Each structure stands twice: as structure tokens, then as C-alpha cells.
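Chemist: Each residue of the sequence shown is one higher than the one before, starting from 81 at the first, in the numbering used here.
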Amino acid sequence: MAKAGTEQADQEDLDSLTDRLVHLHRALYAEARQALLIVLQARDAAGKDSLIKKVFGPLDPQGFAVHAFRQPTADELERDYLWRVHLRVPPKGAIAVFNRSHYEDVLPVRVYGLVPAAEWGRRYDQINAFERHLTENGVTILKIFLDISKEEQRKQLLERIDDPEKQWKFRPGDLDDRDRWEDFTAAYEELLRRCDTAWAPWHVIPGDDRKRRNHAVARLVVATLERMSPRLPDPDPSIQAHRARLS
Ligand code: AMP
Ligand code: MG
81 MAKAGTEQAD QEDLDSLTDR LVHLHRALYA EARQALLIVL QARDAAGKDS LIKKVFGPLD
141 PQGFAVHAFR QPTADELERD YLWRVHLRVP PKGAIAVFNR SHYEDVLPVR VYGLVPAAEW
201 GRRYDQINAF ERHLTENGVT ILKIFLDISK EEQRKQLLER IDDPEKQWKF RPGDLDDRDR
261 WEDFTAAYEE LLRRCDTAWA PWHVIPGDDR KRRNHAVARL VVATLERMSP RLPDPDPSIQ
321 AHRARLS
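Below, the structure written as C-alpha cells:
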């Protein structure tokens with residue numbers, strides 16, 4: 081009984097957080113002076129997609145975007161690794177969620193040695209400088225690492241294999257990453273340490289409990305937007321003069 085009561089309270093709370101999120105987003109869009117970039121990182125099958133749908137689904141699609149970063153295309157590989165990322169930074173008035181991000185360039189790239197160590201080793205400072213540049217130019221950055229356990233990932237990957245509705249999501253490559261669990265842990269630890277800056281700090285959220293985790297992310301996003309305090313523009317009295325043309 082107590083558990084059911086708690087679940088209901090959590091649900092109500094998520095609903096009211098969602099209301100606040102929708103209103104804050106509307107003010108951000110109307111104000112059109114600043115942007116919010118949410119960087120979402122996690123291991124495979126951590127449930128980033130369902131989190132995005134649950135937390136951000138109610139937002140007005142105008143002024144909101146999700147960008148997924150997969151293996152770079154040939155075209156992207158011909159540029160510096162931040163090029164494709166910078167292109168998708170939200171414009172003023174918008175919120176964007178990065179489903180993976182430039183941090184992939186110090187994750188699989190490092191673990192599989194896709195570029196020489198000297199090259200990825202320089203990227204932590206480059207990323208910090210890039211994020212600083214963005215924050216100094218009107219983009220607030222909220223970085224979230226959803227931390228799932230190896231056991232939870234096993235459960236989720238098995239579900240992808242067994243559930244015909246989910247099988248399309250299964251990629252054998254995810255098992256290669258899983259085999260390198262410790263290497264990815266080391267890579268995550270280093271980026272969490274070196275890229276936890278005053279202007280763009282990391283937030284680590286335990287990921288196994290989906291409901292709690294959605295809630296924690298919604299709270300973080302609302303708190304961040306509240307700090308940005310977007311304001312609907314004040315009504316302009318001179319606009320009243322236009323009424324005459326509508327009579
Ligand atoms: P998913 O997000 O499940 O669609 O998978 C995308 C895959 O692309 C993941 O395995 C990522 O690790 C990989 N990926 C994303 N960005 C990069 C990158 N810059 N270099 C190499 N692999 C990447
Ligand atoms: Mg992978």
C-alpha cells in the first residue's frame with residue numbers, strides 16, 4: 081500500500097515538473113535570447129530513448145530538437161570532430177537534447193584506438209574550451225551521465241533479443257562494447273573528472289530505476305531552466321495602436 085502511495089506521489093510530481101518544463105520552454109522560445117543544450121551520455125541499452133520520450137515528449141516541437149550522434153559519416157570524418165556537434169547546437173530560444181555527443185570522441189574512439197592516443201588525449205581540454213565558448217555565447221549546457229549497472233544492461237540487451245518489438249534495436253556491436261566494460265568505465269571516469277567544469281558540470285544519475293531516473297532528470301532540467309529564468313517579453317503598450325486597423 082505504502083509503495084502504491086509513493087508511486088502516485090512520484091507520478092503527480094512528474095506531472096507538475098512537466099507543466100513547469102512546458103511553461104519555461106515557452107518563455108525561453110518567446111524570449112529568444114538564450115538556449116539550453118542537454119548532453120545525454122550512457123552505455124548501450126541504458127534507455128536514453130525512452131527517457132527522452134518520457135521527459136521531453138510534452139514539449140512544443142517548435143523550439144525543441146533531439147540529435148543523435150552515431151558513428152561519423154565519411155563526410156563528418158573529413159572535418160574536425162566538433163564540426164558536426166557545433167552545427168546542431170540549439171539556436172537562441174531553443175532546447176536541444178544530444179543523444180550521445182562529442183563525448184563519444186573520447187569514449188569508443190579512445191577504447192578502440194580509432195585515433196592515436198596523442199590526438200584523443202588533447203580532446204578533454206578542447207572540449208572544455210568549446211563548451212566554455214558556447215556558455216559565453218548564450219548556451220547553457222546541462223551534461224547528464226545515466227549510469228547503469230552491468231546486470232541491468234544484460235537484462236535490457238536480453239529483452240532486445242527476445243522481444244520482437246525491440247529486436248530492431250539490437251546491435252551485436254553493443255556486445256563488443258560490453259566486453260570492454262572496464263575500458264569504457266575508465267574512459268567515463270576520465271571525462272567525468274576532466275570535463276567537470278564550473279561552466280558545464282557533469283551530473284551522474286543512477287540509471288537502473290527508470291522511474292526515479294526520469295524524475296531526477298526532469299528535476300535537473302527544470303532547475304536549470306529556472307536558473308536561466310527566461311521571461312515572456314513585457315506587453316508593449318504601443319501595440320494597442322494597431323487595434324484601429326482591425327476594426
Ligand atoms: P546508438 O546510439 O545506439 O544508435 O549507437 C550509435 C553508436 O555510434 C554507438 O555505438 C556509439 O558509440 C557510436 N558512436 C557515436 N559517435 C561516435 C564517434 N564519434 N566515433 C565512433 N563511434 C561513435
Ligand atoms: Mg556502442
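From the three backbone atoms N, C-alpha and C, an ideal C-beta is built for every residue, glycine too.
The model shown is predicted, which means the values in this text are computed figures rather than measured ones.
1. Helix, strand or coil: which one does DSSP assign to A82?
2. Using the C-alpha atoms, what's the distance from H103 back to P138?
3. Residues in the same chain with beta-carbon distance under 7 Å from K128, minus the five sequence neighbours each way, listed in chain order, please.
4. In terms of residues, what are the limits of the beta strand (DSSP E) holding W282?
5. Considering only the alpha carbon of each residue, which of P315, R311, P317, A296 lies closest to A112?
6. Checking 7 Å against the spacing of the C-beta atoms, do K134 and N294 come in under that value?
7. Quick one: what's got a C-beta closer than 6 Å to D276's C-beta in the same chain, skipping five residues either side?
8. Taking the alpha-carbon positions, what's the A266 to P286 distance?
9. With distances taken between CB atoms, is the gap from I118 to V177 smaller than 7 Å?
10. What three-state label does DSSP hand D254 in the structure shown?
11. Spell out the partners DSSP gives H147 in its beta bridges.
12. Rounded to the nearest angstrom, how far is the Cβ of R260 from that of Y204, given a contact under 8 Å?
13. Consult DSSP for I319 and reduce its assignment to one of helix, strand or coil.
14. Extract the residue ranges of the alpha helix (DSSP H) inside the region 171 to 253, only unbroken runs of 4 or more that lie entirely within it.
15. Please state whether DSSP places L139 in a helix, a strand or coil.
16. My guess is that R251 and Q233 are in contact by the Cβ rule of under 8 Å, so how many angstroms apart are they, rounded?
Modeler: In short:
1. Residue placement at A82 is flagged as unreliable, the pLDDT there being 42, under the threshold of 50; the coordinate-derived value follows with that caveat. Here A82 sits in helix by DSSP.
2. 11 Å
3. L120, A122, N179, L226
4. 282 to 286
5. R311
6. yes
7. W282
8. 17 Å
9. yes
10. helix
11. F178
12. That belief does not hold up - the Cβ atoms of R260 and Y204 are roughly 20 Å apart, past 8 Å.
13. helix
14. 188 to 191, 197 to 201, 203 to 215, 230 to 242
15. coil
16. That pair is no contact at about 13 Å.
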